[in-house]
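Colleague:
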Amino acid sequence: MHFYSPKGYDYLRSSVNKLLPHPSMLRGIAATINYEPGIFREAFQTVEDFAKNAFSQGKKLYFNLCLDEMLIRKHVSWNSSTQKFEDLIDVGRPTEGQDNEEQAANALVFMLVCINGYFKIPIAYYLINALNGDQKSSLVLEILDECYVHTVDVRNLTFDGASSNMNTVEKLCASIYGNTSTAYFDSEISGKRVYTSLDACHMVKLVGNALLSRSIVDGDGQTISWDFMKKLVKV
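Last residue of the sequence shown? That's 235 in full-length UniProt numbering, and every number before it is there in order.
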């Protein structure tokens, strides 16, 4: 609750005669959690416990692995606790024994979303500038291996329409173009089929942007205009 509303937490804490932990104690607890770029082991343990609890009640959970890049502000800061600079390019592993001094421009975030339940949690992030299909596919396989270790059954991979994501799918030996029956790959470690899909909401937004900014015609040479959409709403 303190994460969503510090004032609300303070009010609740005062109404129960301050029986709840002080905010400084909460910050101290949060500081013990590993938040550095890479895979969150604590998050995977939480998902594993959640899945095992559901299985004990007779329900098998399936998960969707989502990935997306987010633009971040270029800024380098010194962390006195870890004695190193932060917000540099970091993919969660050392690079040839040397520190990377290049600033990161994006954060590549991976999230697990339960398909047949109400549960989602970020499980990894990487500070990057740009990754090609080979590099992204390597990270996807690394996370799928971690999912297998923690008995997390991932059956789908969701992403937006960025060209690097499309290349990632091809490197994973899947094809998202044309026939959807080929839009999957087999996980080497689990042997299970993992389907790939574009983020529907993002693709709808791209279609809207294309209609607004481009002149699009159909097979008969007739214009597909955004004005038609606006008139349809008024009907």
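Just so you know, even glycine gets a beta-carbon here, dropped at the ideal spot from N, CA and C.
Given 8 Å as the limit, is there contact between the stretch 105-120 and the stretch 54-71, that is, 3 or more CB pairs closer than that?
Modeller: yes
Colleague: Ordered along the chain, which non-local residues of its own chain (more than five positions away) have a Cβ less than 6 Å from that of PHE159?
Modeller: Within the sequence shown, numbered from 1, the residue matching residue 159 stands at position 159. Cβ within range, chain order: LEU67, ASN165.
Colleague: Between which two residues does the alpha helix (DSSP H) carrying ILE123 extend?
Modeller: To locate residue 123, count along the sequence shown from 1; it is residue 123. For ILE123, no alpha helix (DSSP H) segment is defined; the enclosing uninterrupted segment is the beta strand (DSSP E) at 120-128.
Colleague: Give me the DSSP bridge partner(s) of ASP186.
Modeller: For the purposes of this step, residue 186 is taken as residue 186 along the sequence shown, with counting starting at 1. BP columns for ASP186 point to ARG193.
Colleague: In chain order, what are the residue ranges of uninterrupted beta strand (DSSP E) at least 3 long that sit wholly in the stretch 50-121?
Modeller: 63-71, 77-79, 84-86, 106-114
Colleague: Report the residue from LYS52, GLY191, HIS2 whose alpha carbon sits nearest the alpha carbon of ARG155.
Modeller: Start at 1 with the first residue of the sequence shown, and residue 155 comes out as number 155. The shortest Cα separation from ARG155 among LYS52, GLY191, HIS2 belongs to GLY191.
Colleague: Do GLN103 and VAL76 have their CB atoms nearer than 8 Å?
Modeller: Sequence index remark: in the sequence shown, residue 103 carries index 103 (1-based). Sequence index remark: in the sequence shown, residue 76 carries index 76 (1-based). Result yes, Cβ atoms of GLN103 and VAL76 sit closer than 8 Å.
Colleague: Would you check if the distance between the CB atom of LEU88 and the CB atom of GLU69 is smaller than 8 Å?
Modeller: Along the sequence shown, read from residue 1 onward, the residue named residue 88 stands at position 88. Along the sequence shown, read from residue 1 onward, the residue named residue 69 stands at position 69. At least 8 Å separates the beta-carbon of LEU88 from that of GLU69.
Colleague: Based on DSSP bridge pairs, tell me the residues matched to LEU157.
Modeller: In the sequence shown, residue 157 corresponds to position 157, counting from 1. Paired residue(s): LEU65, THR196.
Colleague: Quick check on DSSP: helix, strand or coil for VAL207?
Modeller: Numbered from its first residue, the sequence shown carries residue 207 at position 207. Reduced to three states, the DSSP call for VAL207 is helix.
Colleague: Considering just the uninterrupted stretch of the alpha helix (DSSP H) at LYS234, what are its terminal residues?
Modeller: Looking up residue 234 in the sequence shown gives position 234. Residues 226-234.
Colleague: Go to GLY133, then tell me how far its alpha helix (DSSP H) extends in each direction, as first and last residue.
Modeller: Taking the sequence shown and counting its residues from 1, the one referred to as residue 133 is at position 133. Note, GLY133: alpha helix (DSSP H), 133-149.
Colleague: Going by DSSP in three states, VAL16 sits in which element: helix, strand or coil?
Modeller: Start at 1 with the first residue of the sequence shown, and residue 16 comes out as number 16. The answer is coil: DSSP assigns VAL16 none of H, G, I, E or B.
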